[in-house]
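Please read the structure below before turning to the comments.
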Amino acid sequence: MKKNKYLVINSNMNKDSKSLFITDLIIKKINEKNDSKINSDLILLSQFDIPLCNGNNHLNNKTVLDLNHKINQSDGILIFTPIYNYNINSALKNLIEMTGNAWKEKILAFVCIAGGEKSYMSVMSLANSLMLDHRCVIIPRFVYVTGTDFISDSKLNDNIMTRINGLVDDLIKFVKSLT
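Going by the numbering used here, 147 is the number at position 147 of the sequence shown; the sequence numbering is gapless.
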């Protein structure tokens, strides 16, 4: 039986962000469900020097080619992004532009972190683009985290934990069913 590959991408460029705790938690949740058929990896965009997309500068860039390979080899991808001005951050948009066809027919889940509660639908423009342009399957639930959801720097409230567990379960279920 095929060993499914999962990739978690954290696009937060703040190296001291609480988001690192959340992506570590998600990787742990994926690995807890490890039935020897699951393999997971983490990309922290803050650790990569990715040039801005200008149409063709990605063709020979080693960093972009390596990231492209990781995305291409993944069956399920969980995207973690901060929300700024009712949109994903520019680092994530740039990654998607630079790695284009690697996203084809991927199964995707989203976790967003934002300063307030009013931008919870903001990830839909990205989801629609990936669904229509690259034929991605989008998990029909996502997790939206705000500062009030943190009990401490390393603890989330029960509602968000339940949503994260459900999202990871759905991602694994979709990947097992569709790959």
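For glycine and all other residues, C-beta sits at the position ideal for the given N, C-alpha and C.
Quiz item: Quick one, which of ASN14, ASN101 and CYS53 has its alpha-carbon nearest GLN73's?
Solution: Position 73 of the sequence shown, counted from the first residue, corresponds to residue 73. Among ASN14, ASN101 and CYS53, the Cα nearest to that of GLN73 belongs to ASN101.
Quiz item: When the Cα of THR99 is compared with those of LEU52, ILE151, GLY147 and ILE27, which residue comes out closest?
Solution: As a first step, residue 99 must be located in the sequence shown, where it is residue number 99. THR99 has its Cα closest to that of LEU52, out of LEU52, ILE151, GLY147 and ILE27.
Quiz item: To which residues of the same chain is ASN31 closer than 8 Å at the C-beta, ignoring the five residues directly before and after it?
Solution: The residue labelled residue 31 in the question sits at position 31 within the sequence shown. Result list for ASN31: ILE38 and SER40, in chain order.
Exercise. Just grab the DSSP bridge partners of ASN4 for me.
Key: Locating residue 4 in the sequence shown gives position 4, counting from the first residue. Answer is ILE38, bridged to ASN4.
Quiz prompt | Other residues of its chain near HIS69: CB distance less than 7 Å, five sequence neighbours each side excluded | solution = Here residue 69 corresponds to residue number 69 of the sequence shown, with the count starting at 1. Cβ neighbours of HIS69 beyond the five flanking positions: none.
Self-check item: Through-space distance from ILE172 to THR81, alpha-carbon basis
Solution: The residue you call residue 81 lines up with position 81 of the sequence shown. The residue you call residue 172 lines up with position 172 of the sequence shown. Their Cα atoms are separated by approximately 20 Å.
Quiz item: Helix, strand or coil: which one does DSSP assign to SER17?
Solution: If you number the sequence shown from 1, residue 17 lands on position 17. Coil at SER17, not helix or strand.
Quiz item: MET131 to ILE139, Cα distance in whole Å?
Solution: Here residue 131 is taken as the residue at index 131 of the sequence shown, counted from 1. Here residue 139 is taken as the residue at index 139 of the sequence shown, counted from 1. So the two alpha carbons sit approximately 11 Å from each other.
Self-check item: Cβ-based neighbour list, ILE96, same chain, cut-off 7 Å, excluding 5 preceding and 5 following
Solution: One-based indexing of the sequence shown puts residue 96 at position 96. Within the same chain, ILE96 has close Cβ partners TRP103.
Quiz item: Are the beta-carbon atoms of SER46 and ILE83 separated by less than 8 Å?
Solution: Here the question's residue 46 lines up with position 46 in the sequence shown. Here the question's residue 83 lines up with position 83 in the sequence shown. Not a contact, by the Cβ cut-off of 8 Å.
Self-check item: Alpha carbon of THR162 to alpha carbon of PHE110, nearest angstrom
Solution: The residue you call residue 162 lines up with position 162 of the sequence shown. The residue you call residue 110 lines up with position 110 of the sequence shown. In a straight line, the C-alpha of THR162 is about 15 Å away from that of PHE110.
Quiz item: Using a beta-carbon distance below 8 Å, is ASN14 in contact with chain D?
Solution: Among the chains of the structure shown, chain D does not appear; only one protein chain is present.
Practice problem: Measure the alpha-carbon distance for PHE150 versus TYR120 and round it to whole angstroms. | Solution: As a first step, residue 150 is located in the sequence shown; it is residue number 150 there, counting from the start. As a first step, residue 120 is located in the sequence shown; it is residue number 120 there, counting from the start. Distance between the alpha carbons of PHE150 and TYR120 is about 17 Å.
Practice problem: Find out if the Cβ-Cβ distance for the pair GLU105, ARG135 is shorter than 8 Å. | Solution: As a position in the sequence shown, residue 105 is number 105, starting the count at 1. As a position in the sequence shown, residue 135 is number 135, starting the count at 1. Yes, Cβ-Cβ distance for GLU105 and ARG135 is below 8 Å.
Quiz item: What residues match up with LEU156 in a beta bridge as DSSP calls it?
Solution: Along the sequence shown, one-based indexing puts residue 156 at 156. In DSSP, LEU156 forms a bridge with PHE150.
Quiz item: Going by the beta-carbon positions, is the gap between PHE48 and LEU20 smaller than 8 Å?
Solution: Locating residue 48 in the sequence shown gives position 48, counting from the first residue. Locating residue 20 in the sequence shown gives position 20, counting from the first residue. No, they are not a contact pair.
Quiz item: In whole angstroms, what is the alpha-carbon distance linking ALA91 and SER17?
Solution: Within the sequence shown, numbered from 1, the residue matching residue 91 stands at position 91. Within the sequence shown, numbered from 1, the residue matching residue 17 stands at position 17. In a straight line, the C-alpha of ALA91 is about 15 Å away from that of SER17.
Quiz item: DSSP state of VAL123, grouped into three classes?
Solution: Along the sequence shown, one-based indexing puts residue 123 at 123. In this structure, VAL123 counts as coil in the three-state DSSP scheme.
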